[in-house]
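Let me begin by presenting the structure, written as structure tokens, before commenting on it.
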Ligand code: IPD
Ligand code: CA
Ligand code: CA
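Numbering (this note's numbering), first residue to last: 19 to 291.
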């Protein structure tokens with residue numbers, strides 16, 4: 019493979035492997051959801067990890083490595099694999115929505131993004147409970163179970179259904195998103211909380227939600243969803259309206275039409291802090 023361009027065949031093969039790995043991880047999650055699993059706390063925080071996260075991660079990494087032994091992989095529990103630098107980096111959340119999962123709340127997924135030379139090319143999110151597979155490929159659109167999806171046409175914030183999430187330091191952090199949550203709650207038509215950032219992004223892409231904002235997400239939460247939102251015609255930036263980086267600190271994703279209103283609300287909340 020050259021390091022400057024990927025052929026359509028190479029991209030197609032990567033996408034197929036990403037879909038296979040996401041489905042395998044999803045099947046593992048469903049299996050643990052039925053038979054039960056051990057839960058551990060990460061340090062003293064409310065952040066949890068289960069047997070299911072670890073087993074899904076092991077399987078996803080194995081499938082990627084079988085197909086592409088020299089690609090980089092960054093995954094939530096194992097971190098960055100210690101292999102030589104390669105222009106392709108897989109970014110894996112083997113279970114996005116761990117808190118939901120531990121409570122039997124059926125909203126969780128496997129999220130796999132593929133970066134090439136620092137640009138997110140492919141995103142795959144698989145929700146095993148609903149058997150919903152979201153796929154985005156740069157320049158090729160976004161799909162849900164093979165059918166093209168598009169963001170909503172909701173024109174204004176006061177007609178919008180919004181979502182957000184809270185970081186695991188919400189009990190102690192000063193910058194905890196509560197002020198922003200109140201501000202949007204009294205301005206939007208409705209507020210929902212899925213408990214998984216990857217689903218929040220996919221639901222923006224599918225037009226089920228109109229806007230999403232969150233602080234302190236990690237690359238594995240958003241690498242796949244970023245491509246899916248953009249390919250569905252949505253907009254994704256940081257709170258200042260600048261291009262979103264999956265390594266950045268703040269995120270707004272929307273149908274594009276309510277984006278500026280969301281930026282304005284966040285700006286006013288944060289100026290007052
Ligand atoms: C979490 C979820 C949640 C978001 C948290 C993430 P995890 O991921 O995406 O929606 O609010 O910030 O850490 O821990 O379930 O993989
Ligand atoms: Ca996550
Ligand atoms: Ca996770």
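Idealized CB from N, CA, C, for every residue including glycine.
Check: CA-to-CA distance, residue 109 to residue 237, given in whole angstroms; Outcome: 7 Å
Check: CA-to-CA distance, residue 228 to residue 282, given in whole angstroms; Outcome: 16 Å
Check: Heavy atom of ligand 2 within 7 Å of residue 239 beta-carbon; Outcome: yes
Check: Range of the contiguous alpha helix (DSSP H) that encloses residue 47; Outcome: 26-53
Check: Where the alpha helix (DSSP H) containing residue 219 begins and where it ends; Outcome: 215-223
Check: Cβ neighbour criterion (16 or more within 10 Å) applied to residue 224; Outcome: buried
Check: Strand pairing of residue 144, partner residues [DSSP]; Outcome: 128 and 151
Check: CB contact flag (residue 1, residue 79, <8 Å); Outcome: Only positions 19 to 291 of the chain appear in the structure, and residue 1 is not among them; the question remains open.
Check: Completely contained alpha helix (DSSP H) runs for the region 61-116, where each covers 4 or more residues; Outcome: 69-85
Check: The region 34-53 in contact with the region 136-146 per 3-pair CB rule at 8 Å; Outcome: yes
Check: Same chain, Cβ closer than 7 Å to residue 318, five either side skipped, listed in chain order; Outcome: The displayed coordinates of the chain run from 19 to 291. Any statement about residue 318 would go beyond what the structure contains.
Check: DSSP-derived helix/strand/coil call for residue 240; Outcome: helix
Check: Coil, strand or helix - residue 263 by DSSP; Outcome: coil
Check: Close Cβ partners of residue 160 (< 6 Å) along its chain, the five nearest in sequence each way excluded; Outcome: 154, 167, 223, 246, 249 and 250
Check: First through last residue of the beta strand (DSSP E) which encompasses residue 59; Outcome: 57-59
Check: Limits of the beta strand (DSSP E) - the one that residue 255 falls within; Outcome: 253-255
Check: Beta-carbon spacing of residue 284, residue 232 below 8 Å; Outcome: no
Check: heavy atom of ligand 3 below 7 Å from residue 181 C-beta; Outcome: no
Check: heavy atom of ligand 3 below 7 Å from residue 147 C-beta; Outcome: no
Check: C-alpha gap between residue 136 and residue 244, whole angstroms; Outcome: 13 Å
Check: Burial state of residue 62, where buried means 16 or more other Cβ atoms lie within 10 Å; Outcome: exposed
Check: Under the three-state DSSP convention, the category residue 275 falls into; Outcome: coil
Check: Closest Cα partner of residue 49 within the set 279, 90, 70 and 140; Outcome: 70
Check: Endpoints, the beta strand (DSSP E) within which residue 182 is located; Outcome: 179-182
Check: C-alpha gap between residue 363 and residue 117, whole angstroms; Outcome: No answer is possible for residue 363: it lies beyond the span of the chain, which begins at 19 and ends at 291.
Check: Residues bridged to residue 159 (per DSSP); Outcome: 155
Check: Contact check, residue 252 vs residue 274, beta carbons under 8 Å; Outcome: yes
Check: Start-to-end residues for the beta strand (DSSP E) that takes in residue 230; Outcome: 229-233
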